[in-house]
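Note sheet for the following structure.
Protein chains: 2
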Amino acid sequence: MEFSFSIDAASALPIYAQVERGIRQGVATGILRVGDQLPTVRELAVMLRINANTVAKVYRDLERVGLLETRRGVGTFIAVREKKPTKRERERRIAEIRADLLARIQMEGISLLEMIEELNSIHTNTK
Amino acid sequence: MEFSFSIDAASALPIYAQVERGIRQGVATGILRVGDQLPTVRELAVMLRINANTVAKVYRDLERVGLLETRRGVGTFIAVREKKPTKRERERRIAEIRADLLARIQMEGISLLEMIEELNSIHTNTK
DNA sequence: ACCTTTGTACTATTATATTAGTACAATAGG
DNA sequence: CCTATTGTACTAATATAATAGTACAAAGGT
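As given, the protein sequences belong to chains A and B, one line each in that order. By the count of my numbering, the first sequence reaches residue 127 at its end, each step adding exactly one. By the count of my numbering, the second sequence reaches residue 254 at its end, each step adding exactly one.
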């Protein structure tokens with residue numbers, strides 16, 4: 001698997017937020033590991049067909065948070081694995097994911113049963 | 128159940144998009160039905176603690192799309208039920224929901240099995 | 001030492017988002 | 001007819017987002 005994601009310029013979600021999400025998802029899913037080098041500001045800008053300043057902003061923001069580490073003249077690297085949330089926090093997030101999913105399937109006219117079966121089918125096919 | 132949602136001013140998603148999502152979700156979930164009157168522009172602005180212009184923009188946009196119907200001096204109403212998607216379209220959306228869910232639970236360190244059980248528990252409790 | 005690469009820091013420009021305020025047009029109801 | 005209500009249409013101001021372009025500082029390689 002390779003580190004890549006796409007930008008939807010038409011989305012209401014600003015580009016910089018989409019880039020940040022892409023990187024965070026890469027880290028969280030293990031596609032990006034501690035020490036891995038990211039594309040350079042200019043490279044990623046070309047890859048995503050966005051402005052280099054936008055990429056630079058994301059790198060800067062994520063560096064401030066501690067997720068990335070930048071070495072001038074060298075590149076930008078994944079600095080840390082995201083810290084484990086508390087049990088309480090984890091449950092809150094599960095509840096949030098659940099609520100979002102329910103709202104969304106209801107919105108699309110999909111029954112909970114159908115969705116569960118959809119997920120079960122992946123589960124049986126993948127293991 | 129009552130028509131209500133909340134705005135997160137800190138979200139990267141612009142306020143107008145959050146309002147639009149709230150209304151669309153209301154319609155899709157059946158909380159808002161054809162013919163139902165929405166709060167007035169000024170009322171909803173107060174309810175959500177945002178500017179009336181932002182609400183007006185959303186009403187205008189949704190009217191253009193045909194989801195709302197506005198009668199001057201009277202109010203804004205739900206115009207149509209969203210049209211049924213084709214079978215193909217529906218499957219595409221299910222796949223999209225599934226992909227988003229998988230990415231998200233992986234990002235949060237939640238196993239698919241755990242998520243399925245979470246959903247199953249709702250299912251058994253609600254029926 | 002020199003050159004290249006890389007992140008950083010600017011300025012400038014354009015577009016969008018949000019708020020504030022005012023005014024107007026259409027409609028309902030007394 | 002009159003008034004209040006409601007959506008609509010403006011202007012203005014501020015902030016953010018995104019692009020374009022230039023320049024600089026730090027590090028590595030030669």
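Glycine is no exception: its CB is placed at the ideal position from the N, C-alpha and C atoms. None of these values were measured; they are calculated from a predicted model.
Count the other CB atoms within 10 Å of the CB of residue i; is the residue buried (16 or more) or exposed (fewer)?
{"i": "Thr251 (chain B)", "result": "exposed"}
{"i": "Leu113 (chain A)", "result": "exposed"}
{"i": "Lys127 (chain A)", "result": "Confidence is the limiting factor: at Lys127 (chain A) the pLDDT is only 48, short of 50, which leaves the residue's position unreliable, though a coordinate-based value still follows. Flag for Lys127 (chain A) reads exposed."}
Sorted by chain position, which residues of the same chain lie with C-beta nearer than 8 Å to residue i's C-beta, five sequence neighbours on each side aside?
{"i": "Leu194 (chain B)", "result": "Ile150, Arg151, Val154, Ile205, Ala206, Val207 and Glu209"}
{"i": "Gln18 (chain A)", "result": "Phe5, Ile7, Asp8 and Ser11"}
{"i": "Tyr59 (chain A)", "result": "Leu38, Val41, Leu68, Thr70 and Thr76"}
{"i": "Pro85 (chain A)", "result": "Arg93"}
Alpha carbon to alpha carbon, how far is residue j from residue i? Give it in angstroms, no decimals.
{"i": "Lys87 (chain A)", "j": "Glu245 (chain B)", "result": "15 Å"}
{"i": "Gly75 (chain A)", "j": "Ile31 (chain A)", "result": "18 Å"}
{"i": "Met107 (chain A)", "j": "Thr167 (chain B)", "result": "24 Å"}
{"i": "Val161 (chain B)", "j": "Leu175 (chain B)", "result": "23 Å"}
{"i": "Ala103 (chain A)", "j": "Thr156 (chain B)", "result": "8 Å"}
{"i": "Glu216 (chain B)", "j": "Val65 (chain A)", "result": "39 Å"}
{"i": "Arg199 (chain B)", "j": "Asp36 (chain A)", "result": "59 Å"}
Just to confirm, are residue i and residue j a CB contact at a threshold of 8 Å?
{"i": "Thr70 (chain A)", "j": "Tyr16 (chain A)", "result": "no"}
{"i": "Met115 (chain A)", "j": "Ile122 (chain A)", "result": "no"}
{"i": "Leu13 (chain A)", "j": "Leu140 (chain B)", "result": "yes"}
{"i": "Ile94 (chain A)", "j": "Ile237 (chain B)", "result": "yes"}
{"i": "Glu129 (chain B)", "j": "Leu189 (chain B)", "result": "no"}
For residue i, collect the residues of the same chain with a Cβ closer than 6 Å to its Cβ; drop the 5 residues on either side in sequence, then sort them by chain order.
{"i": "Lys184 (chain B)", "result": "Tyr143"}
{"i": "Leu171 (chain B)", "result": "Val182"}
{"i": "Ala52 (chain A)", "result": "Val41, Arg42 and Ala45"}
{"i": "Asn120 (chain A)", "result": "none"}
Closer than 8 Å, CB to CB, is residue i near chain B or not?
{"i": "Asn51 (chain A)", "result": "no"}
{"i": "Leu67 (chain A)", "result": "no"}
{"i": "Gln37 (chain A)", "result": "no"}
{"i": "Ala17 (chain A)", "result": "yes"}
{"i": "Arg88 (chain A)", "result": "no"}
{"i": "Arg33 (chain A)", "result": "no"}
{"i": "Thr70 (chain A)", "result": "no"}
{"i": "Ile122 (chain A)", "result": "yes"}
{"i": "Arg92 (chain A)", "result": "no"}
{"i": "Arg42 (chain A)", "result": "no"}
Please confirm whether residue i has its beta-carbon closer than 8 Å to some beta-carbon of chain A.
{"i": "Ala206 (chain B)", "result": "no"}
{"i": "Glu190 (chain B)", "result": "no"}
{"i": "Arg187 (chain B)", "result": "no"}
{"i": "Ala183 (chain B)", "result": "no"}
{"i": "Met174 (chain B)", "result": "no"}
Could you pull out every residue in the same chain whose Cβ sits closer than 7 Å to the Cβ of residue i, ignoring the five residues on either side in sequence?
{"i": "Arg225 (chain B)", "result": "none"}
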